[in-house]
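Have a look at the structure below, then the notes.
Protein chains: 2
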Amino acid sequence: MSLDAVLSRIDASLPDATDRLLDLLRIPSISTDPAFKPDCDRAADWLVQDLENLGFTASKRPTPGHPMVVAHCGSDADGPHLLFYGHYDVQPVDPLALWTRDPFDPVVEETAKGPVIRARGSSDDKGQLMTFLEACRAWKAVHGRLPGHLTIFLEGEEESGSPSLIPFMQENAAELRADIALICDTGLFDSTTPAIVTTLRGLLGEEITLRGPDKDLHSGMYGGAAINPIRVLARIIAGLHDATGRITVPGFYDGVTELPDVLRAQWQSLSFDHTRFLGDVGLSVPAGEQDRTPLEMLWSRPTCEVNGIWGGYTGDGFKTVLPSEAHAKISFRLVGSQDPHAIRTAFRAYVQSQLPADCAVEFHGHGASPAGQMQIDHPAFEQARHALTDEWGKTAAYVGCGGSIPIAGYFKTYLGMDALLIGFGRDDDQIHSPNEKYAMESFHKGIRSWARVLARLTA
Amino acid sequence: MSLDAVLSRIDASLPDATDRLLDLLRIPSISTDPAFKPDCDRAADWLVQDLENLGFTASKRPTPGHPMVVAHCGSDADGPHLLFYGHYDVQPVDPLALWTRDPFDPVVEETAKGPVIRARGSSDDKGQLMTFLEACRAWKAVHGRLPGHLTIFLEGEEESGSPSLIPFMQENAAELRADIALICDTGLFDSTTPAIVTTLRGLLGEEITLRGPDKDLHSGMYGGAAINPIRVLARIIAGLHDATGRITVPGFYDGVTELPDVLRAQWQSLSFDHTRFLGDVGLSVPAGEQDRTPLEMLWSRPTCEVNGIWGGYTGDGFKTVLPSEAHAKISFRLVGSQDPHAIRTAFRAYVQSQLPADCAVEFHGHGASPAGQMQIDHPAFEQARHALTDEWGKTAAYVGCGGSIPIAGYFKTYLGMDALLIGFGRDDDQIHSPNEKYAMESFHKGIRSWARVLARLTA
Numbered sequence: 321m322s323l324d325a326v327l328s329r330i331d332a333s334l335p336d337a338t339d340r341l342l343d344l345l346r347i348p349s350i351s352t353d354p355a356f357k358p359d360c361d362r363a364a365d366w367l368v369q370d371l372e373n374l375g376f377t378a379s380k381r382p383t384p385g386h387p388m389v390v391a392h393c394g395s396d397a398d399g400p401h402l403l404f405y406g407h408y409d410v411q412p413v414d415p416l417a418l419w420t421r422d423p424f425d426p427v428v429e430e431t432a433k434g435p436v437i438r439a440r441g442s443s444d445d446k447g448q449l450m451t452f453l454e455a456c457r458a459w460k461a462v463h464g465r466l467p468g469h470l471t472i473f474l475e476g477e478e479e480s481g482s483p484s485l486i487p488f489m490q491e492n493a494a495e496l497r498a499d500i501a502l503i504c505d506t507g508l509f510d511s512t513t514p515a516i517v518t519t520l521r522g523l524l525g526e527e528i529t530l531r532g533p534d535k536d537l538h539s540g541m542y543g544g545a546a547i548n549p550i551r552v553l554a555r556i557i558a559g560l561h562d563a564t565g566r567i568t569v570p571g572f573y574d575g576v577t578e579l580p581d582v583l584r585a586q587w588q589s590l591s592f593d594h595t596r597f598l599g600d601v602g603l604s605v606p607a608g609e610q611d612r613t614p615l616e617m618l619w620s621r622p623t624c625e626v627n628g629i630w631g632g633y634t635g636d637g638f639k640t641v642l643p644s645e646a647h648a649k650i651s652f653r654l655v656g657s658q659d660p661h662a663i664r665t666a667f668r669a670y671v672q673s674q675l676p677a678d679c680a681v682e683f684h685g686h687g688a689s690p691a692g693q694m695q696i697d698h699p700a701f702e703q704a705r706h707a708l709t710d711e712w713g714k715t716a717a718y719v720g721c722g723g724s725i726p727i728a729g730y731f732k733t734y735l736g737m738d739a740l741l742i743g744f745g746r747d748d749d750q751i752h753s754p755n756e757k758y759a760m761e762s763f764h765k766g767i768r769s770w771a772r773v774l775a776r777l778t779a
Numbered sequence: 321m322s323l324d325a326v327l328s329r330i331d332a333s334l335p336d337a338t339d340r341l342l343d344l345l346r347i348p349s350i351s352t353d354p355a356f357k358p359d360c361d362r363a364a365d366w367l368v369q370d371l372e373n374l375g376f377t378a379s380k381r382p383t384p385g386h387p388m389v390v391a392h393c394g395s396d397a398d399g400p401h402l403l404f405y406g407h408y409d410v411q412p413v414d415p416l417a418l419w420t421r422d423p424f425d426p427v428v429e430e431t432a433k434g435p436v437i438r439a440r441g442s443s444d445d446k447g448q449l450m451t452f453l454e455a456c457r458a459w460k461a462v463h464g465r466l467p468g469h470l471t472i473f474l475e476g477e478e479e480s481g482s483p484s485l486i487p488f489m490q491e492n493a494a495e496l497r498a499d500i501a502l503i504c505d506t507g508l509f510d511s512t513t514p515a516i517v518t519t520l521r522g523l524l525g526e527e528i529t530l531r532g533p534d535k536d537l538h539s540g541m542y543g544g545a546a547i548n549p550i551r552v553l554a555r556i557i558a559g560l561h562d563a564t565g566r567i568t569v570p571g572f573y574d575g576v577t578e579l580p581d582v583l584r585a586q587w588q589s590l591s592f593d594h595t596r597f598l599g600d601v602g603l604s605v606p607a608g609e610q611d612r613t614p615l616e617m618l619w620s621r622p623t624c625e626v627n628g629i630w631g632g633y634t635g636d637g638f639k640t641v642l643p644s645e646a647h648a649k650i651s652f653r654l655v656g657s658q659d660p661h662a663i664r665t666a667f668r669a670y671v672q673s674q675l676p677a678d679c680a681v682e683f684h685g686h687g688a689s690p691a692g693q694m695q696i697d698h699p700a701f702e703q704a705r706h707a708l709t710d711e712w713g714k715t716a717a718y719v720g721c722g723g724s725i726p727i728a729g730y731f732k733t734y735l736g737m738d739a740l741l742i743g744f745g746r747d748d749d750q751i752h753s754p755n756e757k758y759a760m761e762s763f764h765k766g767i768r769s770w771a772r773v774l775a776r777l778t779a
């Protein structure tokens, strides 16, 4: 009965909840770009204020990078201690020219698939983290108090490698340790099927700078005789995959295991629409390892991608320069028990081995996290699954996740705490891309879903 | 006797000549970047004014791009009709951070190798074109009139593919046709040995854009399954050369002939210092075709270079984007009778043949000019060689040029006019690079050299 009242309250207050989210989305909290540091700080302040308004004891906690937001309510007497995690920082917005509107001037747009909230961070992760806060708000409005014993833990460096996260967790372990962590940074299986993530890929980021001549040269004066670092870089990148799509870095596949038959059968039962998955982004043919389905590739296979490349003259017109430097940002998604540090070492050795005379390399690491495997026998998993199934009218799927949410592994490693990953994003949310959006239905049913999960976990 | 007076006048007026050059160098006439169009116009105006001051009948002539400057003096009664060509536009200045000072705030700097004029365009080509104008100025001061029958033809699009040049030459053929063209856009053989260029490499520029997904994607959501255009581009670039450094585009070497023994012997007699040539730019090993010396590579072998590459996220930090597009600017230097249009077609076919499913390419051509062979049996060549030998005290060398100065071929093709390429740049002038400079000795002895050449050709 009281859950129904909370759900009704959520329905009635959706316009107010949307306004609050739009307000948060107006803050350009791009964590990777130092120019936006004051904005990250402002987003943290906004959340502290909102949590205080909600009745939490909230504080902004400094780090060497962007601040953490930590808030508490209740005590052990109120039932299991739940920690909720989300992140308030967002990805950069370039290429800005491809946005249909200012990424930080959010709006509710009507689309063929229903209304959406359009802005950078709407889906990743401000919209998602606000689903939990709004569920708490409705709960309090109905019950006069927040639901049980909660800790809220919001990060501002998730999109830039979380450099402060582990030290902060270690320094504040007693304060942050709970019975289970709830993480809202993932997606639905499809627009009508809720999902709980059981595996996450790890992530290793590397930036390489190749140097040849000690200055930019004229390709007429030196072309042919002088080493061109762009050509060397292209050959190194081309050599990272063989003709079958396998990654060539020695030892890369150590720790990659084949999918258990039971999981393969379950994934097949999900009837994932590979054609539509690729068609949604203008593609028709899976491009990766030849003997894998896209779902297998995304959920259970490691990858190596080039996320950025630059060198020489990149402006309008033409300049016959033979450049001194070339650069690339390269990332690996990891699975199973692949060791990111061993792979970093092997990758760097591979690059070194490919360098011709007169070419030097400089490496810059950008984070390293192993893959994660959730504890689905933890009783909270089945409780949450029932709650989601109640809300969506379809059995919640246990799914893999192609992305990397290292926080789940950190909670286990540093706080001994299992994590339950529930999110409401859709595949076409264009997170990390221009025109990011969050479906209004994701926001609305996301809030309702958390109310149901909280009701079950605190019962 | 009168030549001595002209040379003395040049020596005495060097400070004034330098001031005039610095004034011209202050105009940022970067032709490839539309933002600098007004500055190109301003440089043309400056030259028209200076030529009028000198006693030429000068005019700025509009084109669809940047204007031409054309000036005349004398008539057929005054002896052979000489046309002088130079260009007033300059290369872009990026990477700006590597300049030790504002590229358009020129200065005379003392260096270990003597004083230099430091600025973008000081050597390529404003300093060089002013050597001729200053020679005319001294001549007039001594003789009371300009030297003979001259046409001055200054272009403002040389660094951006000269799109207006051929139409302008065709429309104004009668006005521009002379007995021989003098071109000042090349270098000395070494800092003490003057040179006349007998061969020029051709140039073909191509820009390619590869497109995969129809939007930027998240590498966690799509990495592995979706095609990555940066990876495709890297493979295409890596495939342009084989393991021996030869270019793989089918038919590319059609029209490339081996060096005649007599030329090979002459080049060997020049005692080119390969070690110092590479050492000057921080290199030690020739990087091109395995069985060629650097001098052969630069003067007689074709090349393929990547002048620019970009795609994905190139800013600070890391962004796990799987980009929709990747781009490269690629140029070929051509020799012998290589056909730039046939090579453009073959290059595009090669790229097309390398495209995987779901990857499209767009080509943008940036100029195409064949290699050039000068008519060294034209009597002006020996006259000029003697004049240069008189000035420098060393026999002027007949040399090849790794760069591409298509104007020489155009003069022959469109005006039936041979060209004599004499210039005073040094290998370490860093043209097209940060910190471009022109040795004060190049400027001073360049002016004197032209006075001597004019005296011989108009005798």
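For the protein sequence lines, the chains are A and B, in the order given. Following this note's numbering, the numbering of the first sequence begins with 321 at its first residue and continues without gaps. Following this note's numbering, the numbering of the second sequence begins with 321 at its first residue and continues without gaps. Using N, Cα and C, we set each Cβ at its ideal position, and we do this for glycine too. Keep in mind it's a predicted model, so treat the numbers as computed, not measured.
Hey, out of B:Thr709, B:Ile330, B:Arg566 and B:Asp422, whose CA is closest to B:Thr513's CA?
It is B:Thr709 whose Cα lies nearest to the Cα of B:Thr513.
Looking at the C-beta of B:Asn492, does it have a partner C-beta in chain A at a distance below 7 Å?
no
Backbone secondary structure at B:Lys714 - three-state DSSP
coil
From A:Ala558 to B:Gly540, what distance separates their C-alpha atoms?
Take the alpha-carbon of A:Ala558 and the one of B:Gly540: they are about 21 Å apart.
In terms of residues, what are the limits of the alpha helix (DSSP H) holding A:Leu453?
Lys446 to His463
Quick one: grab the DSSP three-state call for A:Lys765.
For A:Lys765, the secondary structure class from DSSP, reduced to helix, strand or coil, is helix.
By Cβ distance, which residues of its chain are closer than 8 Å to B:Lys765, with the 5 residues on each side in sequence left out?
Glu711, Trp712 and Phe744
Who are the Cβ neighbours of B:Trp419 in its own chain at under 8 Å, not counting the five residues just before and after it?
Closer than 8 Å at the Cβ level, and outside the excluded window around B:Trp419, lie Val413, Pro754 and Asn755.
With 16 other CB atoms within 10 Å as the buried threshold, where does B:His392 fall?
buried
Just to confirm, is the Cβ distance from B:Ser349 to B:Asp359 under 7 Å?
Yes, they are a contact pair.
Cβ closer than 8 Å: which chain B residues qualify as neighbours of A:Phe638?
Thr352, Ser480, Gly481, Gly525, Glu527, Asn627, Lys649, Ser651, His686 and Gly687
Backbone CA spacing between A:Arg440 and B:Asp659 [nearest angstrom]:
Between the alpha carbons of A:Arg440 and B:Asp659 lies a distance of about 50 Å.
Opening and closing residue of the beta strand (DSSP E) in which B:Met388 lies:
Met388 to Cys393
CB-CB length for B:Leu523 against B:Gly687, believed under 8 Å:
6 Å
Name, please, each residue of chain B whose Cβ falls closer than 7 Å to the Cβ of A:Lys433.
Residues of chain B passing the Cβ test: none, with the nearest at roughly 16 Å.
Contacting residues, own chain, Cβ-Cβ under 7 Å from B:Ala498 (five flanking each side not counted)
His401, Leu402, Leu403, Thr471 and Met737
Continuous beta strand (DSSP E) stretch holding B:Ile556: start and end:
Unbroken run through B:Ile556 is the alpha helix (DSSP H), Pro549 to Ala558; no beta strand (DSSP E).
List, from N- to C-terminal side, the beta strand (DSSP E) runs of 3 residues or more that fit wholly inside the stretch 583-651 of chain B.
Runs found: 623-632.
Could you give the distance in angstroms between the alpha-carbon of A:Ile727 and the alpha-carbon of A:Leu520?
10 Å
Please list the residues of the stretch 528-539 of chain B that have a C-beta atom closer than 8 Å to any C-beta atom in chain A, keeping them in chain order.
Gly532, Pro533, Asp534, Lys535, Asp536, Leu537, His538 and Ser539
In the DSSP assignment, find the unbroken alpha helix (DSSP H) run with A:Ser539 in it and report its ends.
Ser539 to Tyr542 is the extent of the alpha helix (DSSP H) around A:Ser539.
To the nearest angstrom, how far is the alpha carbon of A:Glu491 from that of A:Gln448?
27 Å
Straight-line CA distance for A:Ala700 to A:Gln693?
A straight-line Cα-Cα distance of about 15 Å links A:Ala700 and A:Gln693.
Closer than 8 Å at the beta carbon, the chain A residues around B:Asp414
Tyr633 and Gly635
If you draw a straight line from the C-alpha of B:Ala759 to the C-alpha of B:Val390, how long is it?
27 Å
With DSSP run on the structure shown, which of helix, strand or coil describes B:Phe509?
coil
Touch check for the stretch 605-621 of chain B and the stretch 573-588 of chain B: three-plus C-beta pairs under 8 Å?
Taking a cut-off of 8 Å for Cβ pairs, the stretch 605-621 of chain B and the stretch 573-588 of chain B touch, as three or more such pairs fall below it.
The alpha helix (DSSP H) with B:Phe667 in it runs from where to where?
Pro660 to Gln674
Are there 16 or more other CB atoms within 10 angstroms of the CB of B:His684, so buried, or fewer, so exposed?
B:His684 should be labelled exposed.
Taking all protein chains shown into account, decide if A:Leu416 is buried (16 or more other Cβ within 10 angstroms of its Cβ) or exposed.
exposed
With burial defined as no fewer than 16 other Cβ atoms inside 10 Å of the residue's Cβ, what is the status of A:Asn373: buried or exposed?
The residue is exposed, with fewer than 16 neighbouring Cβ atoms inside 10 Å.
Suppose you measure from the CA of A:Met450 to the CA of A:Leu774; what does that come to, to the nearest Å?
Looking at the two C-alpha atoms, the distance is approximately 15 Å.
Residues of chain B with CB closer than 9 Å to the CB of A:Trp630, please, in chain order.
Gly628, Ile629, Trp630, Gly631, Gly632 and Thr634
Which one of A:Lys714, A:Glu761 and A:His752 has the shortest CA to CA distance from A:Ala782?
One cannot answer for residue 782 of chain A here, as it falls past the ends of chain A, which runs 321 to 779.
Assign B:Thr564 to buried or exposed, taking buried as 16 or more other Cβ atoms, counted over all protein chains shown, within 10 Å of its Cβ.
exposed
Between the CA atoms of B:Ile567 and B:Thr506 - distance to the nearest angstrom:
Looking at the two C-alpha atoms, the distance is approximately 27 Å.
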